[in-house]
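**Q**
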Amino acid sequence: MFARTHLKAANDVMLARKFLTLHRITRCLATHRLHAAMSPTWPAGGSRLILGSSSYSRQGIMKELAQEYGFDYDTITADIDEQALGDRTSDPAELVTLLAQAKADAIYERLDSKLGLLLTCDQVVIYQGRVREKPTSTQQAKEFIHGYSEYPAGTVGCTLCTDLESRQSFKAVDTTWTHFKKIPAEVVDQMVEEGTVMKCAGALTIENPLLTPFITQFQGTKDAIMGLPKSTVFDLVAAAVKAGKNG
Numbered sequence: 116m117f118a119r120t121h122l123k124a125a126n127d128v129m130l131a132r133k134f135l136t137l138h139r140i141t142r143c144l145a146t147h148r149l150h151a152a153m154s155p156t157w158p159a160g161g162s163r164l165i166l167g168s169s170s171y172s173r174q175g176i177m178k179e180l181a182q183e184y185g186f187d188y189d190t191i192t193a194d195i196d197e198q199a200l201g202d203r204t205s206d207p208a209e210l211v212t213l214l215a216q217a218k219a220d221a222i223y224e225r226l227d228s229k230l231g232l233l234l235t236c237d238q239v240v241i242y243q244g245r246v247r248e249k250p251t252s253t254q255q256a257k258e259f260i261h262g263y264s265e266y267p268a269g270t271v272g273c274t275l276c277t278d279l280e281s282r283q284s285f286k287a288v289d290t291t292w293t294h295f296k297k298i299p300a301e302v303v304d305q306m307v308e309e310g311t312v313m314k315c316a317g318a319l320t321i322e323n324p325l326l327t328p329f330i331t332q333f334q335g336t337k338d339a340i341m342g343l344p345k346s347t348v349f350d351l352v353a354a355a356v357k358a359g360k361n362g
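The number in this note's numbering is simply the position in the sequence shown, starting from 1, with 115 added.
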């Protein structure tokens with residue numbers, strides 16, 4: 116019985132990984148990755164930058180990035196009906212790219228000034244090859260979190276940088292995996308009661324101090340798992356600025 120269960124778990128993980136093969140550590144940029152030699156200078160200089168996200172995690176990462184490089188930015192939310200868009204049964208990279216673009220389009224229409232750069236993002240959690248978005252109930256959130264004791268949580272996230280003047284955009288898709296040991300029921304209850312998990316895809320909050328003791332392995336960077344990889348943001352902004360100068 117143990118061997119059969121173990122084999123099933125291994126097969127499920129392999130299926131999920133196969134489902135995402137084309138997007139593992141992939142960047143949809145025309146140029147090579149720049150983060151290996153990230154400059155101490157912010158590539159956009161003093162240009163206007165907008166983060167189009169209501170995510171606390173992304174806002175926190177963006178704040179850290181702004182402090183590291185010494186730039187200012189604004190925050191605005193898209194307020195779109197995400198559930199009305201995309202196909203949850205097909206390629207998750209296509210879904211998150213579609214939603215990131217839809218957010219950019221919605222924000223663009225509401226802006227008075229069409230100057231500067233706009234960052235929009237979307238992310239889903241992948242569990243046993245299936246897409247998970249924000250939980251719709253506390254019971255579903257508990258089921259999501261309990262499940263991570265048995266199978267790893269994958270994430271697929273798209274970051275999109277749009278030049279508001281030219282409407283040219285640059286995107287990157289990041290894929291990660293997080294492995295957990297057994298998460299106690301009382302910890303799950305505390306996390307759901309605290310409430311933050313209800314605002315996160317798959318109820319996945321690796322930064323939550325209640326959950327961190329049960330993480331055994333990361334495949335990918337923590338900021339990518341949280342929805343806004345710093346190196347990706349740097350690369351996209353640099354690519355957009357370069358394209359603007361050459362255009």
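We put the beta carbon where it would ideally sit given N, CA and C, even for glycine.
Please report the distance separating the alpha-carbon of lysine 345 from that of phenylalanine 295.
**A** Going from the Cα of lysine 345 to the Cα of phenylalanine 295 covers about 24 Å.
**Q** Tell me whether proline 328 is buried or exposed, calling it buried when 16 or more other Cβ atoms sit within 10 Å of its Cβ.
**A** With fewer than 16 Cβ atoms within 10 Å of its Cβ, proline 328 is classed as exposed.
**Q** Any contact between the segment 220-227 and the segment 177-196? By contact I mean 3 or more CB pairs, one from each, below 8 Å.
**A** Flag = yes, the segment 220-227 and the segment 177-196 touch.
**Q** If you check the beta carbons only, do valine 352 and cysteine 276 fall under 7 Å apart?
**A** A contact, by the Cβ cut-off of 7 Å.
**Q** Where do the N-terminal and C-terminal ends of the alpha helix (DSSP H) with alanine 256 fall, by residue?
**A** Unbroken alpha helix (DSSP H) run through alanine 256: 253-262.
**Q** In or out: glutamine 238 buried (at least 16 other Cβ within 10 Å) or exposed?
**A** Buried.
**Q** Rounding to the nearest angstrom, what Cα-Cα distance links glycine 335 and arginine 282 in this structure?
**A** About 30 Å.
**Q** Give me, in chain order, the residues of the same chain whose beta-carbon lies closer than 7 Å to that of tyrosine 263; leave out the 5 immediate sequence neighbours on both sides.
**A** So the qualifying residues of the chain are Phe295 and Ile298.
**Q** On the DSSP letters alone, give me the boundaries of the alpha helix (DSSP H) that arginine 173 sits inside.
**A** That run of the alpha helix (DSSP H) goes 171-184.
**Q** On the DSSP bridge list, what partners appear for tyrosine 242?
**A** According to DSSP, which records beta bridges pairwise, tyrosine 242 is partnered with Arg245.
**Q** At 4 residues or longer, what runs of the alpha helix (DSSP H) sit wholly inside the segment 272-347?
**A** As far as the segment 272-347 is concerned, its whole alpha helix (DSSP H) runs of at least 4 residues are 300-309 and 337-340.
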